[in-house]
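Here's the structure we're looking at; comments come further down.
Residue numbers (my numbering): 30 to 408.
What follows is the structure in structure tokens.
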């Protein structure tokens, strides 16, 4: 029997000497085996003993030193680390925890993976060659919570200005693209189209009816009528919560309300409408001047089964529930998903390290403002 004390599928490989067992075998006395166990005779050329060697764990000393010297990590955050890798992890998590906002809507965590563990998590995609760095920051989306905008809130915001809700959704979409994956009504509409409208979220009733009739074998009854775009959109994704290109009646001249207009509305409004206007302006200000793309960094998309939060237009129908039930069931059957949004390679040069921590800090600040806006726009 061979023993290895390291846990199976360890998420983080630490530096240290290779392990070897001190257990000694108990030799059987030289006596005959009475038909219970017989062993064949072996030639003298066959080795009678062997040695199993495990490779030394990766040495992260140079990388850890570079992050402490070139980045904002604090040596004071390291408590009883057994090696350089553990020290880097402790300081990195402490840095994130100091900046991670207290959120009421979005849910996410930060993990650290070594190259082999990250590659193994996506082994079904055969992308081992894509993992070229020693360590990866993994953005975990451990669960999915649903929050409703609601028809009543929509009417209140529409009374303040017909474009206030669309403007809020536009800011949410931009912030999500820079930080965390959210399911919003347009994303849900796209998912629904993949199931029922041949991947076309812009399909009209006539086109969708052909797809549905083929799926249901020509049945043109209530089942098909319930899944037509006009029925689904009215409940799941009306135009006011969709980007312009997805709307049934797109306005070529539509643009989100300007900051000046939002500030003017805030000055003449009260309650949640006033707070919402100010929250949109604050979120935009936080995003202004930041680099394009996800601020957590260009990484390897990890097929997340969950989102940081799901924002639904209304919860008084079964469309979203059925859609997500199907999504989670298929994900469970295929096994080709993770609870992570992406694996982001940890920077390995002084200049890149400084830029990486700066982007991460910007991302966390945006997440805080995004969560505030989501809290105001949903229950």
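Beta carbons are placed, not taken as given, at the ideal position from N, Cα and C, and that holds for glycine.
Source: prediction; values computed, not measured.
Who does residue i pair with in a DSSP beta bridge?
i           : result
residue 340 : 176
residue 139 : 168
residue 212 : 339
DSSP three-state call for residue i: helix, strand or coil?
i           : result
residue 149 : helix
residue 103 : coil
residue 133 : coil
residue 162 : coil
residue 256 : coil
residue 184 : helix
residue 112 : coil
residue 96  : helix
residue 237 : helix
residue 196 : helix
residue 207 : helix
residue 408 : coil
residue 124 : helix
residue 87  : coil
residue 190 : coil
residue 221 : helix
residue 119 : helix
residue 251 : helix
residue 232 : coil
Only counting the same chain, and skipping five residues up and downstream in sequence, which positions put a Cβ closer than 7 Å to that of residue i?
i           : result
residue 363 : none
residue 222 : 228, 229, 230, 232
residue 10  : There is simply no residue 10 to check, as the chain begins at 30 and stops at 408 in what is shown.
residue 358 : none
residue 277 : 262, 268
residue 336 : 170, 173, 210, 211, 212
residue 121 : 102, 141
residue 184 : none
residue 400 : 130, 132, 133, 134, 135
residue 266 : 214, 215, 217, 218, 342
residue 194 : 183, 186, 187, 269, 270
residue 116 : 93, 107, 110
Excluding sequence positions up to five away, which residues of its chain have a Cβ less than 8 Å from the Cβ of residue i?
i           : result
residue 369 : 140, 150, 167, 168, 169, 170, 331, 333
residue 156 : 148, 329
residue 384 : 376
residue 327 : 373
residue 224 : 352, 355
Enumerate in chain order the residues of its own chain whose CB-to-CB distance from residue i is below 6 Å, with the five nearest sequence positions on each side excluded.
i           : result
residue 293 : none
residue 270 : 198, 214, 342
residue 403 : 134
residue 344 : 177
residue 414 : Nothing about residue 414 can be read from this structure; the chain reaches only from 30 to 408.
residue 257 : 234, 237
residue 388 : 324
residue 205 : 211
Count the CB pairs spanning the stretch 194-201 and the stretch 299-311 that are closer than 8 Å, and state whether there are at least three.
yes
Runs of 4 residues minimum, wholly inside the stretch 332-405: which ones carry the alpha helix (DSSP H) assignment?
348-363
What residue ranges within the stretch 259-335 form continuous alpha helix (DSSP H) runs of no fewer than 4 residues, ordered along the chain?
288-297, 300-316
Counting Cβ pairs, one atom from each stretch, are 3 or more of them under 8 Å apart for the stretch 182-190 and the stretch 295-304?
yes
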